[in-house]
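Asks: One structure, as structure tokens, below. Some questions next.
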Amino acid sequence: MARTLTSIMDEVVSYKGRVVRCRTSKGRNKVEETEGIVMDTYPKFFTLYVKSRPGTVSFSYAELLTKEVELEIVPST
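When you number the sequence shown by the numbering used here, it's gap-free, plus one each residue, and the end is 309.
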């Protein structure tokens with residue numbers, strides 16, 4: 233099944249309040265991995281509270297569609 237922006241948005245809404253691992257492509261084979269909590273979801277983007285550097289970062293759903301950003305739920309221990 234092809235992923236659409238609507239299905240990606242629904243998936244991120246279900247992650248709200250959960251700890252996720254975020255893998256971000258920075259270009260030229262550079263990748264940044266961080267863990268954070270999905271704080272808020274909006275019609276065009278969502279925010280992630282990053283634990284390693286206190287503050288929030290925002291990503292668009294289109295970045296998930298194009299695989300510039302990947303999210304994975306961190307299993308609770």
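Even for Gly, the Cβ is constructed at its ideal location relative to N, Cα and C. Please read all numbers here as calculations on a predicted model, not as lab measurements.
Using DSSP with H/G/I as helix, E/B as strand and the rest coil, what is Val306?
Replies: Working through the sequence shown from its first residue, we reach residue 306 at position 74. It is coil, neither helix nor strand.
Asks: Considering only DSSP beta bridges, list what Gly259 is partnered with.
Replies: The sequence position of residue 259 within the sequence shown is 27, counting from 1. BP columns for Gly259 point to Lys262.
Asks: Do Arg255 and Glu264 come within 9 Å of each other at the CB atom, strictly closer than that value?
Replies: Along the sequence shown, one-based indexing puts residue 264 at 32. Along the sequence shown, one-based indexing puts residue 255 at 23. A contact, by the Cβ cut-off of 9 Å.
Asks: Pull up the distance between the alpha-carbon of Val301 and that of Met241, whole angstroms please.
Replies: Counting from 1 along the sequence shown, the entry for residue 301 is found at position 69. Counting from 1 along the sequence shown, the entry for residue 241 is found at position 9. About 14 Å.
Asks: If you run the structure through DSSP and keep just helix, strand and coil, what is Tyr274?
Replies: Here residue 274 refers to the residue found at position 42 when the sequence shown is read from its first residue. Tyr274 falls in the coil class under three-state DSSP.
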